[in-house]
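Student:
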Amino acid sequence: MLVLTILLVVSSEGLRGVLQDTFAYLASYPSLFLLFLLFGFGVAVASSYIHFHLAKRGNASSTTPLTCYDCEQQHKTKSSPKSNKKAKRQADNVGILAMEVYFPANYIDQSDLEQYDGVGAGKYTKGLGQDKMSFTGDREDYDKLKKWHGAALEDTYYDRDLEAASREVSLALWNKMVEPSCFASRHIGNCYTASVYINLACLVDSARATLHGKRLMLFSYGSGAVGSIFSFRCVRPEATDVAVPAFTVERMSDCLNLASRLNSRLKRTPEEFNGHLDLRQASHGLKSYTPVQSVDSLFPGTYYLVGVDDKHRRKYAR
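This is the structure we're talking about:
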């Protein structure tokens, strides 16, 4: 510390002169220069040796390593002779007890849109993997996914031959393991954040009690950059003498009524679809705005936008 302090207070010119004189002196006496290096090396070795033994002595004085609380508790549980199943920190059968899916009341058939846009059959249905697509009007307010607008579908593929071959090889497994959960996606379109769980709800709605005792694997990824894979186990609730189980897969399916509700939507023409999009574009970011579309086409109980005041404050009704 003393040497460091002296170097700090010496001016840059003075420091340069001192260093030049020192190295010139050492260069004229090679044996002295070698002795200087050996001394520095010895100091470093001695310092490391002392530090190692002090650290070892400090660790020996403590029998509990530094660890997170959960790891420490697990260590205590495993090492305790009284540990049993009740000592587990993880509760059993904690999971989803109810489900609901919200989607717009209007949709367009993708095959109609293919004809309207003048593209080949299957351009949207096979390329996007959906037969119908829901859309909203100016009454149904949501955050637009503008960053994806206008992206060419072809630009998202790297190798079409590989895609076709992979699809052909995996088709049978796909139809058995995945297709039963794809009804909602095919009839609503890409939901992005909701995609995984809306298809889980679709599987519950269609499979019902056949899911009991099975494990469901869920997989999602964000444009290939980040992915996650995890699983659920479908457990059959046990009836008691007091009451019938309130939360069952069958009751979830009855409350969802997903397929029936999707089939009750209003089919719109491509002209109406484009009219909705044009209106949303024209009204985007406006203040002192009152939506013009009727609320009669919305599902009962839907929250809808009543208006936006001069300070961009939104008012909703139901």
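Each residue of the sequence shown is one higher than the one before, counting from 21 in this note's numbering. Backbone N, C-alpha and C define an ideal beta-carbon position, used for all residues, glycine too.
1) Take Val-326 and list the residues in its own chain whose beta-carbon comes closer than 7 Å to its own, dropping the five residues that flank it on each side.
2) Using a Cβ-Cβ cutoff of less than 8 Å, which residues in the same chain neighbour Tyr-323 once the five nearest sequence positions on both sides are dropped?
3) Put Asn-283 into one of helix, strand or coil per three-state DSSP.
4) From Ser-6 to Ser-308, what distance separates their C-alpha atoms?
5) Just how far apart, CA to CA, sit Gly-147 and Val-312?
6) In three-state DSSP terms, what is Asn-126?
7) Who are the Cβ neighbours of Ser-317 in its own chain at under 7 Å, not counting the five residues just before and after it?
8) If we call anything under 7 Å between Cβ atoms a contact, is Arg-253 one with Arg-235?
9) Enumerated in chain order, which unbroken segments of the alpha helix (DSSP H) with a length of 4 residues or greater are wholly contained in the segment 289-323?
10) Beta carbon of His-296, beta carbon of Phe-155: below 7 Å?
11) Would you report the Cα separation of Arg-228 and Ala-204, rounded to the nearest angstrom?
12) Could you check what DSSP says for Asp-151 in three-state terms: helix, strand or coil?
13) Are the beta-carbon atoms belonging to Pro-320 and Tyr-136 less than 7 Å from one another?
14) Ends of the beta strand (DSSP E) at Val-216?
15) Measure the CB-CB distance between Asp-151 and Arg-187 and report whether it falls below 7 Å.
16) Can you tell me whether DSSP reads Ala-204 as helix, strand or coil?
17) Taking Cβ to Cβ, would you say Leu-231 is nearer than 7 Å to Pro-200?
18) If you drop the 5 nearest sequence neighbours on each side, which residues of the same chain put their C-beta closer than 8 Å to that of Pro-85?
19) Ordered along the chain, which non-local residues of its own chain (more than five positions away) have a Cβ less than 7 Å from that of Thr-268?
Tutor: This is what the structure gives:
1) Your numbering for residue 326 matches position 306 in the sequence shown. Around Val-326: Lys-335, Tyr-336, Ala-337.
2) Indexing the sequence shown from 1 puts residue 323 at position 303. Cβ neighbours of Tyr-323 beyond the five flanking positions: Tyr-336, Ala-337, Arg-338.
3) For the purposes of this step, residue 283 is taken as the residue at position 263 of the sequence shown. DSSP places Asn-283 in coil when its eight states are reduced to three.
4) Nothing in the structure corresponds to residue 6, since the chain is present only between 21 and 338.
5) For the purposes of this step, residue 147 is identified with residue 127 of the sequence shown, where counting begins at 1. For the purposes of this step, residue 312 is identified with residue 292 of the sequence shown, where counting begins at 1. So the two alpha carbons sit approximately 34 Å from each other.
6) For the purposes of this step, residue 126 is taken as the residue at position 106 of the sequence shown. Strand.
7) Sequence index remark: in the sequence shown, residue 317 carries index 297 (1-based). Ala-125, Asn-126, Leu-286, listed in sequence order.
8) Locating residue 253 in the sequence shown gives position 233, counting from the first residue. Locating residue 235 in the sequence shown gives position 215, counting from the first residue. For Arg-253 and Arg-235, yes; Cβs fall inside 7 Å.
9) Fully enclosed alpha helix (DSSP H) runs of 4 or longer: 290-303.
10) Translated into positions along the sequence shown, residue 296 becomes position 276. Translated into positions along the sequence shown, residue 155 becomes position 135. Yes, Cβ-Cβ distance for His-296 and Phe-155 is below 7 Å.
11) Indexing the sequence shown from 1 puts residue 228 at position 208. Indexing the sequence shown from 1 puts residue 204 at position 184. In a straight line, the C-alpha of Arg-228 is about 16 Å away from that of Ala-204.
12) Your numbering for residue 151 matches position 131 in the sequence shown. The answer is coil: DSSP assigns Asp-151 none of H, G, I, E or B.
13) Taking the sequence shown and counting its residues from 1, one reaches residue 320 at position 300. Taking the sequence shown and counting its residues from 1, one reaches residue 136 at position 116. No. Outside cutoff.
14) Working through the sequence shown from its first residue, we reach residue 216 at position 196. Counting along the chain, Val-216 falls outside any beta strand (DSSP E), though it belongs to the alpha helix (DSSP H) covering 215-227.
15) As a first step, residue 151 must be located in the sequence shown, where it is residue number 131. As a first step, residue 187 must be located in the sequence shown, where it is residue number 167. Not in contact: Asp-151 and Arg-187 (Cβ atoms no closer than 7 Å).
16) Taking the sequence shown and counting its residues from 1, one reaches residue 204 at position 184. Ala-204: helix per DSSP, three-state reduction.
17) Counting from 1 along the sequence shown, the entry for residue 231 is found at position 211. Counting from 1 along the sequence shown, the entry for residue 200 is found at position 180. No, Cβ-Cβ distance for Leu-231 and Pro-200 is not below 7 Å.
18) Reading the sequence shown from its first residue, position 65 is the one you call residue 85. Its pLDDT being 34, under 50, Pro-85 is placed unreliably in this model, and the coordinates cannot settle the point.
19) As a position in the sequence shown, residue 268 is number 248, starting the count at 1. These residues qualify, in order along the chain: Pro-257.
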